[in-house]
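First comes the structure, then the notes that go with it.
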Amino acid sequence: MNLLPLAPTSLALVAACSGGPPTPIVPGAPVVDRALPLRGILDPGADPAVVLLDVEGGSPCTGALLAADVVLTARRCLAVVAGDLECPARGPQVTGGIDLTNVRVLVGDDAASAVERARGRAVLLPDGDVLCGADVALLMLDATIDDVAPLVVQPTGAAVGDHVRSVAYAGGHKQVRDHVVVQAVSSRELELVEAPCVATPGAPAIDETSGQVVGVVSRSGPSCQAADGYDVDTRADAFQTLVDEALAEGQTSHAAHQAKEKKGPIDLGASCTHGADCAAGACVSYASAQYCTRSCDPTDRCPSKYRCMGTQEGPTVCVQE
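Counting from 19, one number per residue, gives the positions in the sequence shown under the numbering used here.
Next up, the structure:
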């Protein structure tokens with residue numbers, strides 16, 4: 019089910035299309051090939067602080083390194099869950115914890131070659147036994163991962179219309195989706211316009227402007243192939259006190275590791291053939307060039323050296339000046 023009633027967004031960019039950009043009807047007009055649903059691309063090494071959690075006896079999860087020995091993830095990854103997991107909750111959804119020493123933390127862009135760097139030793143959790151609006155956990159590690167610059171939690175949450183980069187392990191590989199629209203917000207959750215079931219629980223949503231974490235993937239719907247698919251994230255800022263407690267209990271100083279993550283976009287201007295080749299799901303053909311692009315409008319401005327233009331298909335996208 020959706021977090022909130024859907025609000026209109028700039029999602030018009032991601033309409034179904036097959037094949038490469040067609041020949042424009044109006045000479046000189048940009049044309050764009052778009053991927054729907056938005057599935058993103060293999061992460062080109064831009065997010066080393068996003069780690070894989072291999073939970074013995076359970077499904078793999080994603081986490082975000084916030085300090086050398088602190089990982090932000092979803093509570094459902096580290097708990098025994100039972101009952102109805104629909105939201106709003108109809109009863110208890112968490113019945114206990116798991117053996118954290120069986121939680122392996124691996125670093126790398128591919129599950130097959132990722133290297134185990136630590137295991138869990140403790141966990142900080144929200145109060146209560148419900149995941150809805152509280153699907154977040156701070157995993158404390160038994161060893162430090164001190165050669166990766168950690169991410170930072172943004173003190174203020176994302177707003178409707180903001181854009182994030184979504185990074186998760188899916189199918190054994192780390193995948194990134196750029197310029198993902200925040201389409202609904204509540205006091206504890208965000209709803210993102212992206213293909214469901216691509217992101218594993220615990221995957222971070224990283225604000226496109228600040229490069230800081232604003233959400234943690236909790237659940238999704240309605241199906242993998244749905245054009246109206248969405249992911250629901252727990253707002254990281256809603257649990258800032260818990261984050262601060264974890265950082266204070268960590269074995270290393272968080273102040274010594276300021277985030278140096280790429281803010282985005284990941285592949286704007288990169289060569290492409292189809293929208294599916296691009297992190298934002300759009301490949302534009304204009305002025306004898308073909309490259310990855312993203313949506314734009316008067317409030318969603320293009321980066322420098324790009325301008326916002328209408329396409330043959332209708333949506334406006336960023337094109338090189």
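Every residue gets a Cβ at the ideal spot worked out from N, C-alpha and C, and that includes glycine.
Helix, strand or coil at residue i [DSSP, three-state]
i: P321; result: coil
i: G109; result: coil
i: V335; result: strand
i: T311; result: coil
i: E74; result: coil
i: T119; result: helix
i: R52; result: strand
i: Q193; result: strand
i: G46; result: coil
i: T291; result: coil
i: A130; result: coil
i: D251; result: strand
i: L260; result: helix
i: A64; result: coil
i: L96; result: helix
Residue i versus residue j - alpha carbon distance
i: G332; j: V88; result: 45 Å
i: I116; j: G138; result: 10 Å
i: D51; j: V302; result: 6 Å
i: R93; j: M158; result: 13 Å
i: V69; j: E339; result: 37 Å
i: L352; j: S77; result: This structure leaves residue 352 out entirely; the chain is present only between 19 and 339.
i: D148; j: V49; result: For the sequence presented, residue 148 should be read as Val rather than Asp. Distance between the alpha carbons of V148 and V49: 47 Å.
i: A33; j: G299; result: Interpretation of A33 is limited by its pLDDT of 36, a score under 50 that renders its predicted location unreliable; the figure taken from the coordinates is listed afterwards. Their Cα atoms are separated by approximately 10 Å.
i: C326; j: V216; result: 29 Å
i: D285; j: C296; result: 7 Å
i: A64; j: G81; result: 15 Å
i: S236; j: E226; result: 20 Å
i: C79; j: C95; result: 6 Å
i: T54; j: T218; result: Looking at the sequence itself, residue 54 is Leu, so the reference to Thr does not match. Taking the straight line from one Cα to the other gives about 19 Å.
i: A294; j: E212; result: 13 Å
i: P316; j: A100; result: 46 Å
i: R135; j: T334; result: 44 Å
i: Q308; j: T291; result: 7 Å
i: Q243; j: C336; result: 27 Å
i: Q201; j: A107; result: 22 Å
i: V123; j: V73; result: 9 Å
i: G46; j: G239; result: 39 Å
i: V234; j: F257; result: 11 Å
i: S228; j: Y187; result: 22 Å
i: L56; j: G328; result: 21 Å
Closer than 8 Å to chain C by CB, residue i
i: C296; result: Reference to chain C is not applicable here, since this structure consists of a single protein chain.
Cβ-Cβ separation, residue j to residue i (assumed contact under 8 Å), whole Å
i: V232; j: R206; result: No, V232 and R206 are not in contact; Cβ-Cβ is about 12 Å, not under 8 Å.
i: P214; j: V185; result: Incorrect: roughly 16 Å between the Cβ atoms, too far for contact.
i: G220; j: T91; result: 3 Å
i: G109; j: A97; result: Not a contact, Cβ separation roughly 15 Å.
i: A210; j: D249; result: Sequence inspection shows Leu at residue 210; the Ala mentioned does not correspond to that position. The pair is a contact, with the Cβ atoms about 5 Å apart (cut-off 8 Å).
i: L169; j: L60; result: About 20 Å; that fails the 8 Å criterion.
i: V166; j: V125; result: 7 Å
i: A266; j: T162; result: Wrong, their Cβ atoms sit about 16 Å apart, outside the cutoff.
i: D356; j: L208; result: In the structure as shown, the chain starts at 19 and stops at 339, and residue 356 therefore has no counterpart that could be examined.
The ligand GDP heavy atom lying under 7 Å from the CB of residue i
i: G46; result: No copy of the ligand GDP appears in this structure; indeed no ligand is present at all.
Please list the segments of the beta strand (DSSP E) lying wholly inside the stretch 197-225, counting only runs of 3 or more residues, in order along the chain. 207-210, 222-225
For the stretch 258-267 against the stretch 149-163, do three or more pairs of beta-carbon atoms, one drawn from each stretch, fall closer than 8 Å, so that the two count as touching? yes
With three or more beta-carbon pairs closer than 8 Å as the criterion, would you say the stretch 169-182 touches the stretch 113-129? no
Stretch pair the stretch 183-202 + the stretch 293-312: three plus CB contacts closer than 8 Å: Yes, since at least three Cβ pairs between the stretch 183-202 and the stretch 293-312 fall closer than 8 Å, the two stretches touch.
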